[in-house]
Amino acid sequence: TQLLEQSPQFLSIQEGENLTVYCNSSSVFSSLQWYRQEPGEGPVLLVTVVTGGEVKKLKRLTFQFGDARKDSSLHITAAQPGDTGLYLCAGGTNQAGTALIFGKGTTLSVSS
Amino acid sequence: KAGVTQTPRYLIKTRGQQVTLSCSPISGHRSVSWYQQTPGQGLQFLFEYFSETQRNKGNFPGRFSGRQFSNSRSEMNVSTLELGDSALYLCASSLSVNPGELFFGEGSRLTVL
Chain A
37 TQLLEQSPQF LSIQEGENLT VYCNSSSVFS SLQWYRQEPG EGPVLLVTVV TGGEVKKLKR
97 LTFQFGDARK DSSLHITAAQ PGDTGLYLCA GGTNQAGTAL IFGKGTTLSV SS
Chain B
289 KAGVTQTPRY LIKTRGQQVT LSCSPISGHR SVSWYQQTPG QGLQFLFEYF SETQRNKGNF
349 PGRFSGRQFS NSRSEMNVST LELGDSALYL CASSLSVNPG ELFFGEGSRL TVL
């Protein structure tokens with residue numbers, strides 16, 4: 037059974053701090069996605085990484101896919117209150133189609 | 289363009305009842321997936337439909353079923369509801385069956401009493 041372990045589960049920081057969220061598995065994924073979910077809404081895709089070692093940047097967010105395609109990280113620089121939300125990683129394989137394996141999420145709270 | 293629409297947004301049922309949830313995907317999207325989200329287990333895959341055919345099914349009991357219509361709209365049904373079925377049920381649509389971008393609806397919040 038494929039699992040994605042996400043850490044930390046909760047993160048409470050002050051505005052301006054940096055943070056990193058980790059997503060680890062013993063399984064290889066063909067793609068790794070990061071979503072952000074706000075209360076009362078569905079998850080919204082932030083990024084998809086597909087190549088081992090790939091790094092993608094989205095403004096203050098940096099996403100990395102591990103060389104072996106088993107792990108990923110999300111780094112936020114100078115966090116802002118607007119970054120508050122639930123961050124989810126999700127792994128996919130070509131065989132499983134849209135049946136993604138989700139981590140349990142990291143709840144981030146950024147206070148001003 | 290309009291996003292994924294799920295109805296109803298909230299509902300309360302009692303144990304033993306059954307429930308039907310509806311999902312209208314983004315226009316042009318032929319793949320619809322359903323996920324269950326709970327605080328303890330997170331998001332878990334229920335099933336995926338493409339062109340009215342179920343392509344994948346998650347590890348859920350047979351009480352959970354679904355279908356897709358020719359206009360790509362999808363419904364899922366849960367029979368003989370149990371307390372543990374209380375969850376947010378999320379529908380997601382995508383252009384294809386590849387593990388690309390999923391567009392999620394706001395979900396249907398089911399409470400079983």
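Note that the protein sequences, when read in sequence, are chains A and B. Take the first sequence: its position 93, counting from 1, is numbered 129 in the working numbering, and each next residue is one higher. Take the second sequence: its position 3, counting from 1, is numbered 291 in the working numbering, and each next residue is one higher. Heads up, the beta-carbon is just placed ideally off N, CA and C, and yes, glycines get one too.
- At the C-beta level, Val400 of chain B and Leu376 of chain B stay beyond 8 Å of one another.
- Taken atom to atom, the span from the alpha-carbon of Glu336 of chain B to that of Val292 of chain B is near 15 Å.
- It is roughly 26 Å from the alpha-carbon of Gln69 of chain A to the alpha-carbon of Ser374 of chain B.
- The beta carbon of Ser315 of chain B does not come within 8 Å of any beta carbon belonging to chain A, so the residue lies off that interface.
- Residues are counted here when their Cβ sits less than 7 Å from a Cβ of chain A; for the segment 341-359 of chain B these are Arg343, Asn344, Gly346, given in chain order.
- As the crow flies, the alpha-carbon of Thr113 of chain A is around 41 Å from that of Met364 of chain B.
- Put simply, the backbone Cα of Ser315 of chain B is about 8 Å away from that of Ala290 of chain B.
- When only Cα atoms are considered, Asn130 of chain A and Gly388 of chain B end up about 10 Å apart.
- Taking the beta carbon of Lys140 of chain A as reference, the chain B residues within 7 Å of it are Gly330, listed in sequence order.
- Considering only B:Leu398, B:Glu394, B:Leu390, B:Gly395, the residue with the shortest C-alpha distance to Val320 of chain B is B:Leu390.
- Rounded to whole angstroms, the separation of the alpha carbons of Phe348 of chain B and Val366 of chain B is 11 Å.
- The DSSP assignment places 298-301, 307-312, 319-326, 330-338 as complete runs of the beta strand (DSSP E) inside the segment 295-339 of chain B, in order along the chain (cut-off: 3 residues).
- Each of A:Tyr123, A:Ser147, A:Gly76 was checked against the Cα of Glu41 of chain A, and the nearest Cα belongs to A:Tyr123.
- Counting only residues of its own chain and dropping the five nearest sequence neighbours on each side, Val86 of chain A has a CB closer than 6 Å to the CB of Ser67.
- For the segment 117-138 of chain A, the set of positions with a beta-carbon nearer than 8 Å to some beta-carbon of chain B reads Leu124, Ala126, Gly128, Thr129, Asn130, Ala132, Gly133, Thr134, Ala135, Leu136, Ile137, Phe138 in chain order.
- Listed as beta-bridge partners of Gln342 of chain B by DSSP are B:Tyr337.
- Look at Leu398 of chain B: its C-beta is not under 8 Å from any C-beta on chain A.
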